[in-house]
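Undergrad:
2 protein chains.
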Amino acid sequence: MKNNDRKFDILYSIIRDYIKTAEPVGSRTIERKYNIGISSATIRNEMADLEEMGYLVQPYTSAGRIPSDKAYRLYVDRFMKKVDVDSYIKEDVRSLYRHYFGELEEVMNKTAQILTKLTNLTSLVSTPNISGLNIKDIHLIHIEDERVLLVVITEQRIVKSAEIRLTGTPTDEMLEHVANFLNLSIKDMMTEFRASDFASRVDALTPGEQKIVSEVVNTIKVIFNSEEDSRVISNGVTEIFRYPEFRNDMDRTKSFLEAIHRQDLLSYLFSTVQDDSVSVRIGEENGMEELSNCSVISATYKINGRPVGTIGVVGPTRMDYDYCVSVIETLTNELTNHLDETIGGGKESDTSGR
Amino acid sequence: MKNNDRKFDILYSIIRDYIKTAEPVGSRTIERKYNIGISSATIRNEMADLEEMGYLVQPYTSAGRIPSDKAYRLYVDRFMKKVDVDSYIKEDVRSLYRHYFGELEEVMNKTAQILTKLTNLTSLVSTPNISGLNIKDIHLIHIEDERVLLVVITEQRIVKSAEIRLTGTPTDEMLEHVANFLNLSIKDMMTEFRASDFASRVDALTPGEQKIVSEVVNTIKVIFNSEEDSRVISNGVTEIFRYPEFRNDMDRTKSFLEAIHRQDLLSYLFSTVQDDSVSVRIGEENGMEELSNCSVISATYKINGRPVGTIGVVGPTRMDYDYCVSVIETLTNELTNHLDETIGGGKESDTSGR
DNA sequence: GTTAGCACTCACCATGCATGAGTGCTAACA
DNA sequence: TGTTAGCACTCATGCATGGTGAGTGCTAAC
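These protein sequence lines are chains F and B, in that order. Read left to right, the first sequence gives residues 1 to 354 (our numbering). Read left to right, the second sequence gives residues 355 to 708 (our numbering).
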């Protein structure tokens, strides 16, 4: 019915205005700034309705209205428009990426920086999670005495290294044997090692070598199973000072900053994303009391079509959803493409993205 | 003269009190809490003198006094006492370190965490700077196509790896040749490569291999010369909210946090340490406008007697210098010892520390 | 259903005032 | 000459007060 359309037109205007100004929006403001063609009195009536429906909140009796989380939800679900961000991004991003191939850490850092620069929000980027990936190659490098560097290359051509401390000093020959054995045994095998698969072939090795095998396998298990492996990098945490609702509220700022500096919370935040494409979680939807004033927009990036990590932004619920969603979407694609071009190349599945 | 002693007794009491309470200290407070045996009126006279001498500051006419940076300087130089922190630290730290050998990143993270936990201040830890170290070993691992992983082990047994992108796909044989050549040429040679040294021996290689050599050498140069290599890890940045002088001053908090999140500033901060042992820089002494409200206590840690990095804490100028200096001193020694035990072992120089 | 008008609410701001911590100065004392 | 008591003075802080203005809800008229 026509009536409801108008209600939501007004709601839309209020949300847009509040996103821009961070000030409670009054009926006269709507009448003046957005020509809906009805008087402020009528708008007032509609606003009263919208408040009763749970879309608006009045901070105090005679103030204007503020959109509720429910309003933002509606906005995101029904009113959000795609913004063409390519023009902003293409040049900048691609030329930036061009200089950072291979070094994943660096690529992720740059991505976070770009995200912050584009959105003026705190950005979060999780490093690729390699748990569950297949191993392609294993190398063992003797550092000195009982110290050995383990280098693992996955099917996706992600390189991981870790130091192993053996109980005794191995000879180069032993290490070579062990590496050869592992490469033969592990090829095309899931990182879920099962003892039985080894037992049949491990006999060919000396007891000392077998011991090394088990230490290496243990380390690989740790690397490939630990959640801890996938760190979340943050950037632009002080962007929060841009926003008056934080700048004028030390407590809020404090709890935001405390949350954003805790790896465990950030990991949790990203682990609870369900959406396959871009996820928007508004206020309490993100499931973290510490960030109940904030919205989180995130999406997963892929390597060879396999989701391996997440990028996102965190900011006040009053954020420009249209723009931010588009930025995240575009940047996720750019990142996925970049990774496929530089480290991808396995034939595991076809490349998604543009 | 006796007169001056009393003055500085009073100054000492004021500093101790202000460090503890963060409130301007009045003459009556001194009279009551610290029994110097003179009346508040006399103390007032002395305080007026101390103010004229530049040791005290009055925030407004009828308030108590606050120590100036000059006062803290005097305090650190003349009154500071060593605190026995071993009892706090020994068990905790050593058992913590015991689980993190080899993985330098991890060790540095833990160190920062311990520092924050012990001092309730923001801690900074720079990762070991390897520029200028000697190379012991070079390994090349073929990842795929034109991607090669370079692993460099220094005399100090620090392991660094970086990915190299060649212009064509090398054979395993080529990589082996190149690695052998480099290991022979580089052994015991400073990381300052000189073209002439190569020229004589490089002829034995094929043109393709020579190309790889130059790409590897370039990468090594980058690794070993870039300042960027030595990152500064921070921990406990939100500890700053503990301190009322920041908690009640958004601007101050903002600029602290903005500074502490800038790698370039942190690197600069650590690059300007001169002191060989524990360095204490009070307020503007640290040379950074952004941190002119803060003091920085830092010290360098070593591997095989060679200074390779810095650890430190940053906090309000009103900090417990006695305690913090002792913590930094002890922890630097513990870290140096730990590194010598786990990765050290080169005979370059004798081990310092306990 | 829409609008004008009006009384009402309440954050915000400026002002004024009392309070109290702390000072500087002076005069008396040892 | 150094120390102390006394006192007037200063000024941040807290609290009450009143005016202002943005904005509302309600009612009555269109």
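Even for Gly, the Cβ is constructed at its ideal location relative to N, Cα and C. Note that the structure is a prediction, hence the values are computed from the model and not measured.
#1: Under a CB-based cut-off of 9 Å, is L645 of chain B close to chain F?
#2: For E106 of chain F, collect the residues of the same chain with a Cβ closer than 8 Å to its Cβ; drop the 5 residues on either side in sequence, then sort them by chain order.
#3: Taking 9 Å as the threshold (C-beta atoms), are T476 of chain B and G641 of chain B in contact?
#4: Please report the straight-line C-alpha distance between D694 of chain B and I657 of chain B, rounded to a whole angstrom.
#5: Rounded C-beta distance between S394 of chain B and S381 of chain B? I'm assuming under 8 Å.
#6: Counting only beta-carbon separations shorter than 9 Å, does I10 of chain F have a partner in chain B?
#7: Using beta-carbon positions only, say whether S422 of chain B and Y414 of chain B come within less than 9 Å of one another.
#8: Here's a check: name, in chain order, each residue in its chain whose Cβ is nearer than 7 Å to the Cβ of Q412 of chain B, leaving out the five neighbours to either side.
#9: Starting from N235 of chain F, follow its DSSP beta bridges and name the residues at the other end.
#10: What are the residues of the region 497–516 of chain B that lie near chain F, defined by any Cβ-Cβ distance shorter than 8 Å?
#11: Can a CB atom of chain B be found closer than 9 Å to the CB of I212 of chain F?
#12: Does V681 of chain B come out as helix, strand or coil in the three-state DSSP assignment?
#13: What are the start and end residues of the alpha helix (DSSP H) that includes K608 of chain B?
#14: Considering Cα atoms alone, identify which of F:T42, F:D77 and F:K110 is closest to I10 of chain F.
#15: Would you say V591 of chain B lies against chain F (beta-carbon separation less than 9 Å)?
#16: According to DSSP, simplified to helix, strand and coil, what is G309 of chain F?
#17: Report the option in F:I19, F:V25, F:Y97 and F:K20 whose CA atom is closest to the CA atom of I343 of chain F.
#18: At the level of alpha carbons, what is the spacing between A402 of chain B and G637 of chain B?
#19: Determine the direct distance from the alpha carbon of R511 of chain B to that of T592 of chain B, and round the result to whole angstroms.
#20: Do T253 of chain F and R247 of chain F count as a contact pair if the criterion is CB distance below 9 Å?
#21: Once you ignore the five residues that flank Y34 of chain F on each side, which residues in its own chain have a CB closer than 7 Å to its CB?
#22: Whole angstroms is fine: what's the gap from I574 of chain B's alpha carbon to S131 of chain F's?
#23: Provide the residue span of the alpha helix (DSSP H) that contains I43 of chain F, from first to last.
#24: Would you mind reading off the limits of the beta strand (DSSP E) that contains E498 of chain B?
#25: Which residues in the same chain as V567 of chain B place their Cβ atom closer than 6 Å to its Cβ, once the five residues preceding and following it in sequence are excluded?
#26: DSSP beta-bridge partners for I164 of chain F?
#27: Quick one, which of F:N109, F:F181 and F:S326 has its alpha-carbon nearest S87 of chain F's?
#28: What does H531 of chain B touch in chain F if you count any residue whose Cβ is under 7 Å from its own?
#29: Any C-beta of chain B sitting closer than 9 Å to the C-beta of M108 of chain F?
#30: Which class does R511 of chain B belong to by DSSP, given the choice of helix, strand or coil?
#31: I need the DSSP call for T272 of chain F, collapsed to helix, strand or coil.
#32: Is the closest heavy atom of the ligand MG to the C-beta of E638 of chain B under 8 Å?
#33: Bridge partners for T300 of chain F per DSSP, in chain order?
#34: Determine the burial state of D371 of chain B: buried for a count of at least 16 other Cβ atoms within 10 Å of its Cβ, exposed for fewer.
#35: Report the neighbours of E258 of chain F on chain B: residues whose CB is nearer than 9 Å to its CB, in chain order.
TA: Well, looking at it:
#1: Within the second sequence, the letter at position 291 stands for residue 645 of chain B. Closer than 9 Å: no.
#2: Taking the first sequence and counting its residues from 1, one reaches residue 106 of chain F at position 106. Excluding positions up to five away in sequence, the list reads Y100.
#3: The residue given as residue 641 of chain B occupies position 287 in the second sequence. The residue given as residue 476 of chain B occupies position 122 in the second sequence. It is not a contact, given that the beta carbons lie outside the stated cut-off.
#4: Position 340 of the second sequence, counting from 1, holds the residue named residue 694 of chain B. Position 303 of the second sequence, counting from 1, holds the residue named residue 657 of chain B. Using only the alpha carbons, I get a separation of about 6 Å.
#5: Against the second sequence, residue 394 of chain B aligns to sequence position 40. Against the second sequence, residue 381 of chain B aligns to sequence position 27. Rounded, the Cβ-Cβ distance is 4 Å, consistent with contact.
#6: The sequence position of residue 10 of chain F within the first sequence is 10, counting from 1. Not closer than 9 Å to any Cβ of chain B, the Cβ of I10 of chain F fails to qualify, so no.
#7: In the second sequence, the residue the question calls residue 422 of chain B occupies position 68. In the second sequence, the residue the question calls residue 414 of chain B occupies position 60. For S422 of chain B and Y414 of chain B, no; Cβs fall outside 9 Å.
#8: Sequence index remark: in the second sequence, residue 412 of chain B carries index 58 (1-based). So the qualifying residues of the chain are E405 and R419.
#9: For this step, residue 235 of chain F is matched to residue 235 along the first sequence. In the DSSP assignment, the residues bridged to N235 of chain F are F:S123.
#10: Answer in chain order: I497, E498, D499, R501, L503, V505, I507, R511, V513, S515 and A516.
#11: Taking the first sequence and counting its residues from 1, the one referred to as residue 212 of chain F is at position 212. Judged by the 9 Å Cβ criterion, I212 of chain F is not in contact with chain B.
#12: The residue you call residue 681 of chain B lines up with position 327 of the second sequence. Here V681 of chain B sits in helix by DSSP.
#13: By 1-based counting over the second sequence, the position of residue 608 of chain B is 254. M604 to I614 is the span of the alpha helix (DSSP H), which, as asked, contains K608 of chain B.
#14: Residue 10 of chain F sits at position 10 when you count from the first residue of the first sequence. Ranking F:T42, F:D77 and F:K110 by Cα distance to I10 of chain F puts F:T42 first.
#15: Position 237 of the second sequence, counted from the start, is the residue given in the question as residue 591 of chain B. With 9 Å as the cut-off, V591 of chain B counts as an interface residue toward chain F.
#16: For the purposes of this step, residue 309 of chain F is taken as residue 309 along the first sequence, with counting starting at 1. G309 of chain F: strand per DSSP, three-state reduction.
#17: Residue numbering aside, residue 343 of chain F sits at position 343 when the first sequence is read from its first letter. It is F:Y97.
#18: Residue numbering aside, residue 402 of chain B sits at position 48 when the second sequence is read from its first letter. Residue numbering aside, residue 637 of chain B sits at position 283 when the second sequence is read from its first letter. It is roughly 23 Å from the alpha-carbon of A402 of chain B to the alpha-carbon of G637 of chain B.
#19: Residue numbering aside, residue 592 of chain B sits at position 238 when the second sequence is read from its first letter. Residue numbering aside, residue 511 of chain B sits at position 157 when the second sequence is read from its first letter. Each residue's Cα considered, the two are about 35 Å apart.
#20: Numbered from its first residue, the first sequence carries residue 247 of chain F at position 247. Numbered from its first residue, the first sequence carries residue 253 of chain F at position 253. In this structure, T253 of chain F lies closer than 9 Å to R247 of chain F by Cβ.
#21: Indexing the first sequence from 1 puts residue 34 of chain F at position 34. Closer than 7 Å at the Cβ level, and outside the excluded window around Y34 of chain F, lie S13.
#22: In the second sequence, the residue the question calls residue 574 of chain B occupies position 220. In the first sequence, the residue the question calls residue 131 of chain F occupies position 131. About 31 Å.
#23: Along the first sequence, read from residue 1 onward, the residue named residue 43 of chain F stands at position 43. Note, I43 of chain F: alpha helix (DSSP H), S40 to E52.
#24: Taking the first residue of the second sequence as 1, we reach residue 498 of chain B at position 144. Unbroken beta strand (DSSP E) run through E498 of chain B: I489 to E498.
#25: Translated into the one-based positions of the second sequence, residue 567 of chain B becomes position 213. Result list for V567 of chain B: V532, in chain order.
#26: To locate residue 164 of chain F, count along the first sequence from 1; it is residue 164. Per DSSP, F:V148.
#27: Numbered from its first residue, the first sequence carries residue 87 of chain F at position 87. The shortest C-alpha to C-alpha distance from S87 of chain F to any of F:N109, F:F181 and F:S326 is the one to F:S326.
#28: As a working note, residue 531 of chain B is residue 177 in the second sequence. Neighbours of H531 of chain B in chain F, taken as residues at a C-beta separation under 7 Å, are lacking, since the least C-beta distance is about 18 Å.
#29: Residue 108 of chain F sits at position 108 when you count from the first residue of the first sequence. False, the Cβ-Cβ gap to chain B never drops below 9 Å.
#30: Locating residue 511 of chain B in the second sequence gives position 157, where the first residue counts as 1. R511 of chain B: coil per DSSP, three-state reduction.
#31: For the purposes of this step, residue 272 of chain F is identified with residue 272 of the first sequence, where counting begins at 1. In this structure, T272 of chain F counts as coil in the three-state DSSP scheme.
#32: Here there are no bound small molecules, and the ligand MG is not part of this structure.
#33: Reading the first sequence from its first residue, position 300 is the one you call residue 300 of chain F. Its beta-bridge partners are F:T310.
#34: As a working mapping, residue 371 of chain B is identified with position 17 in the second sequence. Per the 10 Å Cβ criterion, buried.
#35: Residue mapping note: residue 258 of chain F aligns to position 258 of the first sequence, counting from 1. Chain B residues near E258 of chain F: T592 and F595.
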